[in-house]
Structures are given as C-alpha cells and as structure tokens.
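There are 2 protein chains.
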Amino acid sequence: MCEYANMSPAEVRALIRRKEWTKPTSGMAKGFTQANLAILKKDIAFDFLLFCQRNPKPCPVLDVTEAGSPVPRLVAPTADIRTDIPKYRIYRHGELVDEVTDILTYWEDDMVAFLIGCSFTFEHPLMNSGIPVRHIEENCNVSMYKTNIPCVQAGCFEGPVVVSMRPIPEKDVVRAVQITSRFPSVHGAPIHIGNPAGIGIKDIAKPDFGDRVTIKAGEVPVFWACGVTPQAVAMQIKPELMITHAPGHMFITDIQDEKFSVL
Amino acid sequence: MCEYANMSPAEVRALIRRKEWTKPTSGMAKGFTQANLAILKKDIAFDFLLFCQRNPKPCPVLDVTEAGSPVPRLVAPTADIRTDIPKYRIYRHGELVDEVTDILTYWEDDMVAFLIGCSFTFEHPLMNSGIPVRHIEENCNVSMYKTNIPCVQAGCFEGPVVVSMRPIPEKDVVRAVQITSRFPSVHGAPIHIGNPAGIGIKDIAKPDFGDRVTIKAGEVPVFWACGVTPQAVAMQIKPELMITHAPGHMFITDIQDEKFSVL
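As they're listed, the protein sequences go chains A and B.
Take the first sequence: its letters are residues 1 to 263, numbered as in UniProt numbering.
Take the second sequence: its letters are residues 1 to 263, numbered as in UniProt numbering.
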C-alpha cells in the first residue's frame, strides 16, 4: 500500500481514470483531503447548496462544479469528476440502479457535482496526537447513527443530522475537541459528548450505517456531524437522477488536509 | 446611545420597522452580529451562492432566504428583510436609482436575500484584548482597498478581493491573527500583513472605499478580506435589479458574535 500512499493526488486519479484502480481509496495519496460526491440536476442544485450552507457541520462543501462542467476547479483543476472516482452509484428516484467505474454515459449538461468534506481529514491529526481511532484500529467502517437533531430545512431538503461516533479515552476528550475544532470546514468540533440518548440514539451497539466498534472501559462515545447526512437527505426526495461515490471510494483532491485548519 | 446598545435585536428591528430609526446601526444591540445585505433574482442566485462558497473569506454567508421569502430563518426567524433595515439602496443595471426605508414595493416573488458577515463581529474581541481599532477611535469608516488577488470565478461573477485595513501595533500583530482566526465565518484571519504593494495596493493613503485612517509609528497595516467584495462583484455584471443595505445601515441578527467563534 505504501507506494499508493506516497503517490500524488494526480497520479492516483490517473490510475483510477485508466481503471487500473477500482477499490476503496483509504490510505492513498496520504495527507491529501478525500471528499464525498453527490451529483444532482441544476434545477434542485440551488436548494441543495442552500441546505449545505445552512447545515455546515454535517455538510461541509469543499467544491461545487459549474452546471455541466466536470472539473472541480477549486480543489482539483486537472481532474474529471466523471472518471476519477473508482466506483460510482447511480440512483433513479431514490433507487440504486447501477454501480459503475465511470459516469461518462450518465453525464448530462445540467448536472452539478458537490464535493463534501469527510472526517478522514481530522482523523490523522487525532492519531498524530496519540488519540486512538477505533474503526481504523479494527479495520472497519466508522459507526454512524441517525439523531433526533433536525437539519435546517432548505426548499425540499430536510431530515435528521447523521453522526459518526468515535470512542475516546476520558483523558483525551478535551484534546479531541480542540483538535477537531481546528477543522471547521470538515465537520469541526463534535456535536455531542457522552450519553447517546441525549441525541436520540437508542442503542449504541446498533449503528444505522457502518459497523459496530468496541467501546472500552473508560472511553466516552463522542459524536461528530457526518457527511452521510446530505446524501441521506437528498435521497429522501427521490430525485429523478442522483449520482454518488460508492462508500469508501472517494474523490482525492489536490488540497492537503492541513489547509483546512483555521489555526 | 446606551439605551440602543442594550436593546435586543428584535426590539431594534421593531423600531426600524416602524421607521422610528433610519440611521446607521453601529453600536445597537451590542454583542449581536450585524450583516450586509444583497438581494438578487433567483436566476442568478445559484451562481452568486456558488461565488460566495468559493470565496469564503471575503464572502462569509450567514443566511440565504428561500426565493420569495423575506424571512432569514436561520439568523432572525421573526424578522422581515424588506422592512427591518433602516436604509436600502436600489440598483438597476448597476446604477443607483433609489434610496428607501423599506422595499415592500420593490419585493418580487423570485428574489433571494443574502446576509453576509461583517468584520464588526471580530472588532469587539480585538478591542477586548486591548488592540486598538483605529477607525472606531477616529469615528470614521474602515479603509478599504481593491487588491490584485483575484476571487475564484463562479458563473458570471468574478473580480478582485477587496480588503479592509487596520493598523495594528507590532507587538499585537500575532495576537490579532489569533483572535480573528477564531472567527472563520466572519472573514477570519487576515489575508496579508505589512507591505501594501505585496497585494497590489499602490498608495495606502488613498483607500478605494471608506476613509483614510492614521497609521502611527510602530504600527503595521494588517489586511482582512472584506464583505464589500461580493457587492462589488455583483454590481459589475449590472444585474437587472439588485438591492443592498445603505453603507452602515446593517441588518441586526439574533445571533451573538461569540457564536461565530470556533474556539
């Protein structure tokens, strides 16, 4: 994996574009920000952008393409959003209808691509401070839960905030808040510490998405707003056509993680 | 002025709505965030929102109304954007055609209002740390300059970043960076320290907007991205109709300044 970790984002994207890499992107082009993808038609793109703007913690927008342009000029000006992700999912009216390695045949002139920040960006600084990140240790997906916290509605878009959970040793909770506070544009500080019931989570052992992870004695569940929120919310209105990345198959930007810190 | 400083935002807005206050809002409802206003038609609103999203330092969006709704639900759910600002300016094709105390007769069903953060929000924390804010001491407008730094284009919107300048004593420059870094959603950290020519400013004594202020010996000019940028950029495309607040006559939100700090 080391050779992929040391590649530049452009090199990894070229590999993906040539379909020489169709697996998850975790660990590739280390230090560079990976992003979630959601593609919608222009007629609902304004309301979706507004939704993200009103809910910056779960929906940190890193880049939005011009309608019809496949180039994310802000975060990867040499990339093509239609070919540079290893696996895409095509949804029609909210139903998964296809999984593909490029979307050239699905692309239309009125499509707008949203690249949304992901918590990978703050997990490295946590680990660099000696704070364990359990789902990485256990080599599984992060635990995610629907909460009773409503997002702020925008047009037809509404729904609950989805959170990701990381068990943090009691002594490290304050430091974890400080570290992630430095990254407001990739979810930022936690939105809840401790008691799952306080945000409407009935059973911490049963995540709504992702995998269950071990919570050890002396660890506190800490909850961050999660980038699954905007996809879940968009899916709920069953748009005619929506394209996303396949879970774990992210878009790799040219931006280094540290660029998203404010201090 | 003290009675106005201690009023709640809703009380001040009621006063303005009854046209009992038609002057600048500086110092009213102390501690609550004041915002710039730009109203555009829905057909160009997506590109404008995209422009703001791509240029968050000069264009920190605090709220955007649904098309046709005059209610900024996020920052002041009981307010009416058409009546709650003391003075508005009406621009047709980029020309100032009217200055009014409400926009009820100008309001149309496809209008979208943008409320954009303003540096008032970080000036109080600066002063609370004993850092002088010269234009407040000299009771004039802040000095603003066009730079040679281009904004990231979005659709038809493009132009240079406009900056505001505050002379800061050398010993306080680091602290000023730290304090304003805490407020990324209202311009955040400075974008330049020192040498005006470095960002294309030819004569520091001749601001492009606002007033000239005294720079004392031992003080360094420090430059922050300025909320005048999005208005200047929008004006440049000469939209059919655009409505803004009159300078200094701001919208007062229900949000306390400190809510915008990330740490």
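Virtual Cβ for every residue (Gly too), placed ideally from N, Cα, C.
As the structure is a prediction and not an experimental result, all values here were calculated from the model.
Name the DSSP bridge partner or partners of residue i?
i	result
H192 of chain A	A:F223
A35 of chain B	B:G117, B:F251
V163 of chain B	B:Y145, B:A225
P150 of chain B	B:P160
I215 of chain B	BP columns for I215 of chain B are empty, so no partner.
F209 of chain A	A:M144
I168 of chain A	A:V220
9 Å is my cut-off, CB to CB: does residue i come that close to chain A?
i	result
G188 of chain B	yes
E258 of chain B	no
R73 of chain B	yes
F251 of chain B	no
V262 of chain B	yes
L50 of chain B	yes
If the cut is a Cβ gap below 9 Å, which residues of chain A does residue i touch?
i	result
Q231 of chain B	Within 9 Å Cβ-Cβ: nothing; Q231 of chain B doesn't reach chain A, min ~18 Å.
So, does the CB of residue i fall closer than 9 Å to a CB anywhere in chain B?
i	result
V64 of chain A	yes
S185 of chain A	yes
R182 of chain A	yes
K42 of chain A	yes
A225 of chain A	no
L126 of chain A	no
V174 of chain A	no
F46 of chain A	yes
Q178 of chain A	yes
Can you grab the Cα-Cα spacing for the pair residue i / residue j, in whole Å?
i	j	result
C156 of chain A	A45 of chain A	11 Å
Q256 of chain A	S119 of chain A	14 Å
V100 of chain A	T180 of chain A	34 Å
residue 292 of chain B	G194 of chain B	With chain B represented from 1 up to 263, any question about residue 292 of chain B goes unanswered, as that position is not in the structure.
R18 of chain B	A113 of chain B	21 Å
V163 of chain A	T25 of chain A	22 Å
D254 of chain B	D63 of chain B	12 Å
T83 of chain B	V262 of chain A	36 Å
P196 of chain A	N141 of chain B	49 Å
C151 of chain A	P77 of chain B	15 Å
M7 of chain A	R175 of chain A	31 Å
W21 of chain A	F183 of chain B	40 Å
P207 of chain B	T33 of chain A	38 Å
I215 of chain B	P56 of chain B	28 Å
R92 of chain B	I191 of chain B	33 Å
A14 of chain B	K30 of chain B	16 Å
H187 of chain B	F122 of chain B	9 Å
R54 of chain A	A5 of chain A	35 Å
E3 of chain A	L50 of chain B	36 Å
G27 of chain B	V220 of chain B	26 Å
H245 of chain A	K42 of chain A	19 Å
D80 of chain B	I149 of chain A	26 Å
E95 of chain A	K238 of chain A	8 Å
T147 of chain A	D109 of chain B	35 Å
V177 of chain A	D172 of chain B	27 Å
M165 of chain B	I201 of chain B	11 Å
Residue i versus chain A: which residues are under 7 Å apart at the beta carbon?
i	result
R89 of chain B	Those within 7 Å of R89 of chain B in chain A number zero; the least Cβ separation is about 25 Å.
Using a Cβ cut-off of 8 Å, pull out every chain A residue sitting near residue i, in sequence order please.
i	result
G155 of chain B	E66
L96 of chain B	Going along chain A, no residue has its Cβ under 8 Å from L96 of chain B, so there is no contact; the nearest lies around 28 Å.
At what residues does the beta strand (DSSP E) containing residue i begin and finish?
i	result
T244 of chain B	241-245
V262 of chain A	Premise fails: V262 of chain A is in no beta strand (DSSP E) and is neither H nor E.
V174 of chain B	No beta strand (DSSP E) holds V174 of chain B; the alpha helix (DSSP H) holding it covers 173-181.
I44 of chain A	Run containing I44 of chain A: none in the beta strand (DSSP E); it sits in the alpha helix (DSSP H), 42-54.
I237 of chain B	Counting along the chain, I237 of chain B falls outside any beta strand (DSSP E), and DSSP gives it neither H nor E.
I90 of chain A	88-92
L74 of chain A	Counting along the chain, L74 of chain A falls outside any beta strand (DSSP E), and DSSP gives it neither H nor E.
D63 of chain B	61-64
List the residues of chain B whose Cβ lies closer than 9 Å to the Cβ of residue i, in chain order.
i	result
V152 of chain A	R73, L74
R54 of chain A	D63, V64, R73, L74
Tell me where the alpha helix (DSSP H) around residue i begins and ends.
i	result
E11 of chain B	9-17
E99 of chain A	Segment 95-100 is the beta strand (DSSP E) holding E99 of chain A; no alpha helix (DSSP H) there.
R134 of chain B	134-137
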